[in-house]
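Enquirer:
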Amino acid sequence: MGNGNGATLIIPPQGPLRGRVAPPGSKSITNRALLLAGLAKGTSRLTGALKSDDTRYMAQALRDMGVGVDEPDDTSFVVHGTGTLRAPAQPLFLGNAGTATRFLTAAVAAAVDGTVVVDGDAHMRKRPIAPLVAALKTLGVDIDAPTGCPPVTVNGQGGYKGGRVEIDGGLSSQYVSALLMMGALGREPTDVVLTGADIGAKGYVDLTTAAMAAFGARVSHPSDATWTVAATGYTAADFVVEPDASAATYLWAAEALTGGAIDLGTPATAFTQPDARAYDFIRLFPHLPAVIDGSQMQDAIPTLAVLAAFNTTPVRFTGITNLRVKECDRVAALATELSRIRPGLGVEEGDDLLVASDPGLAGQSLPTRIETYADHRIAMSFALAGLKIRDIAILDPGCVAKTYPGYWKALAGLGVELKDAT
26 MGNGNGATLI IPPQGPLRGR VAPPGSKSIT NRALLLAGLA KGTSRLTGAL KSDDTRYMAQ
86 ALRDMGVGVD EPDDTSFVVH GTGTLRAPAQ PLFLGNAGTA TRFLTAAVAA AVDGTVVVDG
146 DAHMRKRPIA PLVAALKTLG VDIDAPTGCP PVTVNGQGGY KGGRVEIDGG LSSQYVSALL
206 MMGALGREPT DVVLTGADIG AKGYVDLTTA AMAAFGARVS HPSDATWTVA ATGYTAADFV
266 VEPDASAATY LWAAEALTGG AIDLGTPATA FTQPDARAYD FIRLFPHLPA VIDGSQMQDA
326 IPTLAVLAAF NTTPVRFTGI TNLRVKECDR VAALATELSR IRPGLGVEEG DDLLVASDPG
386 LAGQSLPTRI ETYADHRIAM SFALAGLKIR DIAILDPGCV AKTYPGYWKA LAGLGVELKD
446 AT
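Going by our numbering, 244 is the number at position 219 of the sequence shown; the sequence numbering is gapless.
Written out as structure tokens, the structure is:
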């Protein structure tokens, strides 16, 4: 995470951005694979993995619970699991990593005999976890989160029976994924049943079940709202992590904004992560549609919203309510910072975001210091505005370390000039 310090000024490039950039490994897949390898018995090798704040928190939490986690190089983890986790000597500190926090809360309930406190930083302590806590209680887990957010105290019994658990997937698909990964650890099969409205970002649940299968789990999906997880436990595996689709969106957008050609080494069609759907919109620029439903590609919305500022016609983003409970309230942050560039450029209408597009912004000097709210995606997406508008500075540029520590280096490698504007 950034520490609130510094600012980076982006100098708009004079021509198209061309070159090759290898995006880092997927955060979503890396943190799933780390946990499953940690729950498995034996040695697993994860290659193509992301090394960032979020994945380091997960790796350290596993070490704190007796799992051997080695890092032979910049993109690999070697995980030595025993099939169980032991109670850590101190609370697990997970920064603002939502995946690690939600996934571990469920996993320790099934895998630890003893008390575990799952905690994070001041931002994480504002992110909801009550629906997951309530669901775990119905499975007989002794668990408490007095504020409805972390810290969460779990009194593990060294296993759990299995059974049926209901969860409202509308708030966060991470709750569903957490219960599914826990499910393979039951003494009997576990049925995970959705209640309420549509699941937020169902594609992430598909990532979860694919990773589980790679580590020996058996998951069936008998209906749209039900998954059944067999009581198999996990077996060690060698696992290749695909590049991060959310990170790729910034590079696809940079290519579109500058008329460039950036080779990511992986075609857009080869990604299995939900955010790769954003490519189908980015390639339409500057003729983005009037309405974009962001429900199934939520982490790509900041990218698309900044791109939309330069579109030929206004764009309304719908289905983005969940963005209010991410690293920050991203709907409010996007509206506020777009309108900091030019008043009225971004407007909140209920939970929708309306971007009052203006291709004439390109080439102007609009001195703006973008607040990033310690949110990596706000920093990375607004850097794109600096490719077309002069005098855009990104505050706390170090916050990109949450998922893409090499972001500024990647832009510089494509020929973008960056200056210290502290």
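The beta-carbon is built from N, C-alpha and C at its ideal position, and this holds for glycine as well.
Quick check: the Cα distance between Gly120 and Val266, rounded to an integer number of angstroms?
Expert: Within the sequence shown, the letter at position 95 stands for residue 120. Within the sequence shown, the letter at position 241 stands for residue 266. Those two C-alpha atoms are separated by around 23 Å.
Enquirer: So Tyr275 and Ser406 are in contact, right, with Cβ under 8 Å, and what is the actual spacing, rounded?
Expert: Working through the sequence shown from its first residue, we reach residue 275 at position 250. Working through the sequence shown from its first residue, we reach residue 406 at position 381. Indeed, because the Cβ distance is near 7 Å, the residues count as touching under 8 Å.
Enquirer: Buried or exposed: which applies to Asn28, given that a residue is buried once 16 or more other Cβ atoms fall within 10 Å of its Cβ?
Expert: Residue numbering aside, residue 28 sits at position 3 when the sequence shown is read from its first letter. Caution applies to Asn28, whose pLDDT of 47 falls short of 50 and renders its modelled position unreliable; the value that the coordinates give is listed next. The Cβ neighbour count for Asn28, taken over all protein chains shown within 10 Å, is under 16; the residue is labelled exposed.
Enquirer: Distance check for Cys353 and Met26, CA to CA, integer angstroms please.
Expert: Counting from 1 along the sequence shown, the entry for residue 26 is found at position 1. Counting from 1 along the sequence shown, the entry for residue 353 is found at position 328. Residue placement at Met26 is flagged as unreliable, the pLDDT there being 37, under the threshold of 50; the coordinate-derived value follows with that caveat. For Met26 and Cys353, the distance between alpha carbons rounds to 13 Å.
Enquirer: Could you give the distance in angstroms between the alpha-carbon of Leu332 and the alpha-carbon of Ala410?
Expert: Counted from its first residue, the sequence shown places residue 332 at position 307. Counted from its first residue, the sequence shown places residue 410 at position 385. Rounded to the nearest angstrom, the two C-alpha atoms are 8 Å apart.
Enquirer: Count the other CB atoms within 10 Å of the CB of Glu280; is the residue buried (16 or more) or exposed (fewer)?
Expert: The residue labelled residue 280 in the question sits at position 255 within the sequence shown. Buried.
Enquirer: In the segment 377-427, which residue ranges form an unbroken alpha helix (DSSP H) of at least 4 residues, counting only runs that do not cross its ends?
Expert: 401-410
Enquirer: State the CB to CB distance for the pair Ala273 and Phe240, rounded to an integer number of angstroms; the pair is presumed to be in contact (CB under 8 Å).
Expert: Stepping through the sequence shown from its first residue, residue 273 is reached at position 248. Stepping through the sequence shown from its first residue, residue 240 is reached at position 215. Not confirmed; about 25 Å, so no contact.
Enquirer: Closest to Leu391 by C-alpha separation, out of Lys413, Pro422 and Thr283, would be which residue?
Expert: For this step, residue 391 is matched to residue 366 along the sequence shown. Cα-wise, what sits closest to Leu391 is Lys413.
Enquirer: With distances taken from CA atoms, which of Gly385, Ala325 and Pro48 is nearest Pro311?
Expert: Taking the sequence shown and counting its residues from 1, one reaches residue 311 at position 286. If we check each option's Cα against that of Pro311, Gly385 comes out closest.
Enquirer: How about Ala270 and Phe296: are their beta carbons less than 8 Å apart?
Expert: Residue 270 sits at position 245 when you count from the first residue of the sequence shown. Residue 296 sits at position 271 when you count from the first residue of the sequence shown. Taking 8 Å as the Cβ cut-off, Ala270 and Phe296 qualify as a contacting pair.
Enquirer: May I ask which residues mark the beginning and end of the beta strand (DSSP E) holding Leu443?
Expert: For the purposes of this step, residue 443 is taken as the residue at position 418 of the sequence shown. Judged by DSSP secondary structure, Leu443 falls within the beta strand (DSSP E) whose first and last residues are Glu442 to Asp445.
Enquirer: Output needed for Asp144: all residues of its chain with C-beta closer than 8 Å, excluding positions within five of it in sequence on either side, in chain order.
Expert: As a working mapping, residue 144 is identified with position 119 in the sequence shown. Cβ within range, chain order: Pro116, Leu117, Phe118, Leu119, Arg150, Pro175, Pro176 and Val177.
Enquirer: Per DSSP, which residues does Ile192 bridge with? Please list them.
Expert: Within the sequence shown, residue 192 is the residue found at index 167, counting from 1. The partner list for Ile192 (beta bridge, DSSP) reads Leu219.
Enquirer: What would DSSP say about Phe128, mapped onto helix, strand or coil?
Expert: For this step, residue 128 is matched to residue 103 along the sequence shown. If DSSP states are grouped into helix, strand and coil, Phe128 belongs with the helices.
Enquirer: Cα separation between Ala286 and Arg43?
Expert: As a working mapping, residue 286 is identified with position 261 in the sequence shown. As a working mapping, residue 43 is identified with position 18 in the sequence shown. If I take the Cα positions, the gap works out to 5 Å.
Enquirer: Rounded to a whole number of angstroms, what is the C-alpha to C-alpha distance between Ala47 and Gly440?
Expert: In the sequence shown, counting from the first residue as 1, residue 47 sits at position 22. In the sequence shown, counting from the first residue as 1, residue 440 sits at position 415. Taking the straight line from one Cα to the other gives about 15 Å.
Enquirer: By a C-beta neighbour count over all protein chains shown, 10 Å radius and 16 as the cutoff for buried, is Gly375 buried or exposed?
Expert: In the sequence shown, counting from the first residue as 1, residue 375 sits at position 350. Gly375 comes out exposed.
Enquirer: What do you reckon, are the CB atoms on Gly284 and Pro97 nearer than 8 Å?
Expert: For the purposes of this step, residue 284 is taken as residue 259 along the sequence shown, with counting starting at 1. For the purposes of this step, residue 97 is taken as residue 72 along the sequence shown, with counting starting at 1. Annotated as distal: Gly284 and Pro97, with beta-carbon spacing of 8 Å or more.
Enquirer: Could you tell me whether the Cβ atoms of Ala203 and Thr257 are closer together than 8 Å?
Expert: Taking the first residue of the sequence shown as position 1, residue 203 is located at position 178. Taking the first residue of the sequence shown as position 1, residue 257 is located at position 232. Taking 8 Å as the Cβ cut-off, Ala203 and Thr257 do not qualify as a contacting pair.
Enquirer: By how many angstroms is the C-alpha of Val218 removed from the C-alpha of Ala135?
Expert: Here the question's residue 135 lines up with position 110 in the sequence shown. Here the question's residue 218 lines up with position 193 in the sequence shown. Answer to the nearest angstrom: the Cα atoms are 18 Å apart.
Enquirer: So the alpha helix (DSSP H) Val158 belongs to, where does it begin and stop?
Expert: In the sequence shown, residue 158 corresponds to position 133, counting from 1. Unbroken alpha helix (DSSP H) run through Val158: Ala155 to Thr163.
Enquirer: Suppose you measure from the CA of Asp169 to the CA of Gly67; what does that come to, to the nearest Å?
Expert: Counted from its first residue, the sequence shown places residue 169 at position 144. Counted from its first residue, the sequence shown places residue 67 at position 42. Going from the Cα of Asp169 to the Cα of Gly67 covers about 32 Å.
Enquirer: Please work out which residues of its chain come closer than 6 Å, Cβ to Cβ, to Tyr82, disregarding the five sequence neighbours upstream and downstream, and give them in chain order.
Expert: Within the sequence shown, the letter at position 57 stands for residue 82. Contacts found: Leu119, Gly120, Ala122 and Ala125.
Enquirer: Using three-state DSSP, classify Gln323 as helix, strand or coil.
Expert: Here residue 323 is taken as the residue at index 298 of the sequence shown, counted from 1. Of the three classes helix, strand and coil, the one that applies to Gln323 here is helix, per DSSP.
Enquirer: Arg341 and Asp377 - do their beta-carbons sit closer together than 8 Å?
Expert: Looking up residue 377 in the sequence shown gives position 352. Looking up residue 341 in the sequence shown gives position 316. Closer than 8 Å, so yes.
Enquirer: Could you tell me which uninterrupted beta strand (DSSP E) segments, each at least 3 residues in length, are contained entirely in the segment 47-117, listed from first to last along the chain?
Expert: 66-72, 93-98 and 101-107
Enquirer: Note down, in chain order, each residue of its chain lying with its Cβ closer than 6 Å to the Cβ of Thr393, except the 5 sequence neighbours on either side.
Expert: Translated into positions along the sequence shown, residue 393 becomes position 368. Arg365, Ile366 and Ile417.
Enquirer: Could you give the distance in angstroms between the alpha-carbon of Val166 and the alpha-carbon of Leu60?
Expert: By one-based count along the sequence shown, residue 166 stands at place 141. By one-based count along the sequence shown, residue 60 stands at place 35. When rounded, the distance between both Cα atoms is 20 Å.
Enquirer: Assuming contact is defined by CB atoms lying nearer than 8 Å, are Ile345 and Ala32 in contact in what I supplied?
Expert: Here residue 345 refers to the residue found at position 320 of the sequence shown. Here residue 32 refers to the residue found at position 7 of the sequence shown. Contact: no.
Enquirer: Between the beta-carbon of Phe264 and the beta-carbon of Ala58, is there less than 8 Å?
Expert: Here the question's residue 264 lines up with position 239 in the sequence shown. Here the question's residue 58 lines up with position 33 in the sequence shown. Yes, the Cβ-Cβ distance between Phe264 and Ala58 is below 8 Å.
Enquirer: For Gly431, which residues in the same chain have their Cβ closer than 6 Å to its Cβ, ignoring the five residues on either side in sequence?
Expert: As a position in the sequence shown, residue 431 is number 406, starting the count at 1. Here the set comprises nothing.
Enquirer: Does DSSP put Glu213 in a helix, in a strand, or in coil?
Expert: Within the sequence shown, the letter at position 188 stands for residue 213. In the structure shown, Glu213 sits in coil (DSSP, three-state: anything other than H, G, I, E or B).
Enquirer: Determine the direct distance from the alpha carbon of Ile317 to that of Ala435, and round the result to whole angstroms.
Expert: For the purposes of this step, residue 435 is identified with residue 410 of the sequence shown, where counting begins at 1. For the purposes of this step, residue 317 is identified with residue 292 of the sequence shown, where counting begins at 1. Distance between the alpha carbons of Ala435 and Ile317: 28 Å.
Enquirer: Residues in its own chain within less than 7 Å of Asp324 by CB, not counting five upstream and five downstream?
Expert: Taking the sequence shown and counting its residues from 1, one reaches residue 324 at position 299. Closer than 7 Å at Cβ, skipping near neighbours: Ser271, Asp300 and Arg402.
Enquirer: Applying the criterion that 16 or more other CB atoms from any shown protein chain within 10 Å of the CB defines a buried residue, is Glu362 buried or exposed?
Expert: Within the sequence shown, residue 362 is the residue found at index 337, counting from 1. That one is buried.
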